[in-house]
Amino acid sequence: MKILTGNDLKSGAVVWWDGSEWSKFVNSAEDVGDNGDAIIAREEGARRVFSAYIIDGERDADGVRPAHIKERIRALGPTVRPDLTLKPGDPDAGNWVI
Amino acid sequence: MYKYDQYDQQMVDTRVAEFRDQVRRRIDGHLTEDQFRPLRLQNGLYLQLHAYMLRVAIPYGTLNSQQMTMLGDIADKYDRGYGHFTTRQNIQYNWIKLEETPDLLADLASVEMHAIQTSGNCIRNISSDQFAGAAADELVDPRPYAELLRQWSSFHPEFLTLPRKFKFAVIASETDRAAMKLHDIGIKMVRNAAGEVGAQFYVGGGMGRTPMIAPMIREFVPLDQLITYSEACLRVYNRYGRRDNKYKARIKILVHELGAQEYTRQVEEEFAHLLDQGIEPPIAELERIKEHFADPAFEADAPDDLDLSDPDFRLWAQRNCHAHKQPGYISATVSLKPVGGIPGDASADQIRLMAQLAKQYSFDELRVTHVQNIVFPHVRKADLYEVWKTLDDAGLGTANLDTVGDIIACPGLDYCSLANARSIPLAQKISERFGSAEKQSELGELKLKISGCINACGHHHAGHIGILGVDRKGVENYQLLLGGSEGADTSLGQITGPGFDEDGIVDAVDKATKVYLANKHGEERFLDTYRRIGMAPFKEALYD
């Protein structure tokens, strides 16, 4: 699947396109097919996001998994600070990125 | 230390106001990201893996307690309760919000700090010896010269759009503690045969994808020509540096391609031209700056002995302290590398505690080291035990300076958008494997440095043991290098062979240290043994 990611303009937070708005949870990401560039142009123009781009991913039983480790770390947070990730209660969350 | 005059303060305050307006225009849509990006970068605001990151300049690594306290307060107020001290003697905050950045910069400006020229193709923060003004082995305090260069290079209109970023280091002792020869320009303060102090210039060093050791291009530049000679070096680079290829744009490539002799000839020609232009600041300005770096009021009769009866304190005092020029005083290094910790990270509370200790025990001064530690430069030996006890209670009493646990590690793929692999987890695993006092004692001085990509922010080329993270088809892989050094005996590490996975590289470090222990003669360091026996025994142990 093709998914869209970028950063929130004001906070810089990593966000994912869920089909209608930007979510901080990668599992909300929707397959944008061939529409990625058009969505990016529209959303960046409206300043809802910046530095947006299209990446490969796949949906499995656990949710959406970006293809590259860099995007998985972006989706989770720093593996060396579980308390700062999106899963602060799961000390093994970092294993997901590997 | 240097205090802003009205012009310094006005420049920084004006810049904050300017950036506040630029941020407002970005948020309300008058600036696109393409237009805004260079503006935010000129103010140290990057976009990293998870958020905006702000890099704050700490000129030559020197801070007072008020500034250090502010760095801790900023960590709480604008970030997530911590900061990361870097190999450029700066601090970075990883979770900054764009809309709050102007207020953050205003807070910094209130204590004479800023984030200007911490990004972009300009002259960056000038680094120096962390023991400057305190070391028993220095010729002079190098910081006034670093400050003069800082003032010259700040907002220098000719050098704000160089072919690539540009880094100075200034030292003044035979023991190079600032990796001077691995800078675009390294300056060593020296004395000539007539007894005059001047500057020895090394140009064209650097790490990154093409590591090079800077050749010396001039043995002695008189103090009243320091800026003019620096200007000549930069002018030749600005004119002929490779703007066509980002990867060949650093001055080291120009010096290498021209040859040091030809580059020097061109610099001397430009220098001769510039000498007539009157660009050198009057020597009175250097003298004015020097007054800011006068020695603090040392006690002339401070006791010069230490009670080392506490074994834990003895270990720390022996490992983490450095001889001071003033009897009765010592320079103490706070390791930001607890076993299993994140190199260079400190919590807001730890930062404020170090500020408080500096105020109480170190004449209000601290230094950030390029090895990502903090120094109290002037501690009375009589106060050292109390300082250590307080640090130890706060998790800052680790005794591991210059040992295998004192690892330089870049933020790596956990934070950095340029990285190919994670650095910090490796540092944590290695420090856990080798971090015991016994193991560190057995291995002695062993400088281990980890970079998460070829840009080499973790100085892997200069580690006795270096590790470089690479991306192998989406999987982290780590190359091992041996034999680097960034001291007076600067050398570049050599890659041992094929890379390793995350666990494999930790085992590889273990094997390399075992080769060292099996072959060391007397008091040889790892580096000495490697230089004597060469790569072959290490390769045999690693790959057979």
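Protein sequence lines correspond, in order, to chains Y and D. Heads up, the first sequence is in this note's numbering, so the first residue is 94 and it goes up one at a time. Heads up, the second sequence is in this note's numbering, so the first residue is 2 and it goes up one at a time. Don't be surprised by glycine CBs; every beta carbon is placed ideally from N, CA and C. Values in this document were obtained by computation on a predicted structure and should not be read as measured data.
Please report whether the beta-carbon of residue i lies at a distance below 9 angstroms from any beta-carbon of chain Y.
| i | result |
| --- | --- |
| D:S120 | no |
| D:A395 | no |
| D:Q429 | yes |
| D:R56 | no |
| D:Y53 | yes |
| D:G475 | yes |
| D:I92 | no |
| D:I451 | no |
| D:R81 | yes |
| D:F420 | As written in the sequence, residue 420 of chain D is Ala, which differs from the Phe given in the question. Chain Y, which has a Cβ nearer than 9 angstroms to the Cβ of D:A420, makes this yes. |
| D:E113 | no |
| D:E433 | no |
| D:R423 | yes |
| D:L50 | yes |
| D:E300 | no |
| D:E541 | no |
| D:E34 | yes |
Which chain D residues sit within Cβ distance under 7 angstroms of residue i?
| i | result |
| --- | --- |
| Y:K95 | Those do not exist, as Y:K95 stays about 17 angstroms from chain D at its closest Cβ, beyond 7 angstroms. |
Take the Cβ of residue i as the centre, count every other Cβ of all protein chains shown within 10 Å, and call the residue buried at 16 or more, exposed below.
| i | result |
| --- | --- |
| Y:A154 | exposed |
| D:K338 | buried |
| Y:G150 | buried |
| D:G199 | buried |
| D:P304 | exposed |
| D:F501 | buried |
| D:V476 | exposed |
| Y:A131 | exposed |
| D:R533 | exposed |
| D:T15 | exposed |
| D:Q518 | Checking the sequence, you will find Leu at residue 518 of chain D rather than Gln. With fewer than 16 other Cβ atoms within 10 Å, it is exposed. |
| D:Q11 | exposed |
| D:S442 | exposed |
| D:A400 | buried |
| D:E487 | buried |
| D:Y248 | exposed |
| D:A359 | buried |
| D:T87 | buried |
| D:Q278 | exposed |
Please confirm if residue i has its CB atom under 9 angstroms from at least one CB of chain D.
| i | result |
| --- | --- |
| Y:V107 | yes |
Which residues bound the alpha helix (DSSP H) around residue i?
| i | result |
| --- | --- |
| D:C234 | L227 to Y241 |
| D:N321 | P312 to N321 |
| D:R27 | Q7 to I28 |
| D:D511 | E503 to N520 |
| D:E263 | A261 to L276 |
Starting from residue i, find everything on chain Y with Cβ-Cβ shorter than 7 angstroms and list it in chain order.
| i | result |
| --- | --- |
| D:P426 | T172 and V173 |
| D:R25 | None at all; the shortest Cβ gap to chain Y is about 12 angstroms. |
Closer than 8 angstroms by beta-carbon distance: list the chain D residues that pair up with residue i, in chain order.
| i | result |
| --- | --- |
| Y:K103 | I28, K98, L99 and E100 |
List the endpoints of the continuous beta strand (DSSP E) containing residue i.
| i | result |
| --- | --- |
| D:A170 | F169 to I172 |
| D:F364 | Where D:F364 is concerned, there is no enclosing beta strand (DSSP E), given that its DSSP letter is neither H nor E. |
| D:Q480 | V476 to L483 |
| D:R192 | I186 to R192 |
| D:V141 | Taken as a continuous stretch (DSSP letters only), D:V141 belongs to no beta strand (DSSP E), as it is neither H nor E. |
| D:Q93 | I92 to I97 |
| D:A333 | Y330 to V335 |
Output, in sequence order along the chain, the residues in the segment 143-174 of chain Y whose CB is closer than 8 angstroms to any CB in chain D.
-> F143, S144, A160, H161, I162, K163, I166, R167, G170, P171, T172, V173 and R174
Of all the residues that make up the segment 114-146 of chain Y, which are near chain D by a beta-carbon distance shorter than 8 angstroms?
-> E137, R140, F143 and S144
Pull out every residue of the segment 393-418 of chain D whose Cβ sits closer than 7 angstroms to any Cβ of chain Y, in chain order.
-> Contacts with chain Y (Cβ-Cβ distance below 7 angstroms) from the segment 393-418 of chain D involve L414, D415 and Y416, listed in chain order.
Chain D contacts from the segment 175-189 of chain Y (Cβ-Cβ distance under 7 angstroms) = L177
Listed in chain order, which residues of the segment 516-534 of chain D have Cβ atoms closer than 8 angstroms to some Cβ of chain Y?
-> none
Which residues, in order along the segment 334-351 of chain D, keep a beta-carbon less than 7 angstroms from a beta-carbon of chain Y?
-> I343
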